[in-house]
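S.K.:
In my numbering, the protein residues as written are 156 to 389.
So, in structure tokens, the structure goes:
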């Protein structure tokens, strides 16, 4: 009932990128919103574009979902940077347990993008990320889910906010069900021609394969990706 099953159910290619920032001072040491989030966003867009060059992916059937740090990435950087608008024409963006207002200059959104892509926030009523610092100014202003929902709603996007009573920040095991429900509502179903039962094989990329470095990390990232700064004893 996780994302692999959801992707198969909706005839989608599943891509699960892990942030290149392996020295994050917050959380489990890997996050999108500290270090060089604009650089990580460019890295992620390059990765999505590479996958789109290898498979016949319909840009009208794209769903992006992120939890906590991934939700911040989605609404604070991925959309305002223009990466979302360049990689999808219709579909869905879901921010689970966070998803604040933009933290970088926004591109000019086309009316078609704002009308075609639905943005959903899914957050627990007991989660600090719902109304964190809602009435204060400072470094954390605008990081909560309500701030993100209000911003994009005011900007003319198609939006929805699901607030779950009695639910906190931990949402382990819920990602698949949340995405499944939203995809069913807001992503066009595959055409009859798409539903062959077997995904097409990937085509060879038209560019040189990236080289990798580890830099003491357990996960390697392509060279050219921003190297996150060290924090504390990480």
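Backbone N, C-alpha and C define an ideal beta-carbon position, used for all residues, glycine too.
Quick one: residues in its chain with C-beta nearer than 7 Å to the C-beta of residue 282, no 5 flanking neighbours on either side, listed in chain order?
M.R.: 252, 322, 323 and 324
S.K.: Quick check: what's the CA-CA separation for residue 266 versus residue 257?
M.R.: 18 Å
S.K.: Quick check: what's the CA-CA separation for residue 225 versus residue 308?
M.R.: 20 Å
S.K.: Using the DSSP secondary-structure output, state which residues sit across from residue 316 in a beta bridge.
M.R.: 276
S.K.: Quick one: is residue 304 buried, meaning 16 or more other Cβ sit within 10 Å of its Cβ, or exposed?
M.R.: buried
S.K.: Does DSSP put residue 248 in a helix, a strand or coil?
M.R.: Residue 248 sits in a strand when the DSSP states are folded into three classes.
S.K.: Helix, strand or coil for residue 137, going by three-state DSSP, please let me know.
M.R.: No answer is possible for residue 137: the residues shown for the chain start at 156 and end at 389.
S.K.: On the criterion of 16 or more Cβ atoms from any shown chain inside 10 Å, does residue 364 qualify as buried, or is it exposed?
M.R.: Bear in mind that a pLDDT of 43 at residue 364, under 50, signals an unreliable position, so the model cannot answer this.
S.K.: How about residue 246 and residue 341: do their beta carbons lie closer than 8 Å?
M.R.: yes
S.K.: Residue range of the beta strand (DSSP E) that residue 221 falls in?
M.R.: 217–222
S.K.: Give a single yes or no on whether residue 209 has its beta carbon closer than 7 Å to a heavy atom of the ligand ATP.
M.R.: Among the components of this structure there are no ligands whatsoever, and the ligand ATP is therefore not found.
S.K.: Out of 334, 156 and 191, which has the shortest C-alpha to C-alpha gap to residue 228?
M.R.: 191
S.K.: Taking residue 346 as the reference, which of 193, 215, 160 and 173 has the closest Cα?
M.R.: 215
S.K.: Can you tell me whether residue 253 is helix, strand or coil according to DSSP?
M.R.: coil
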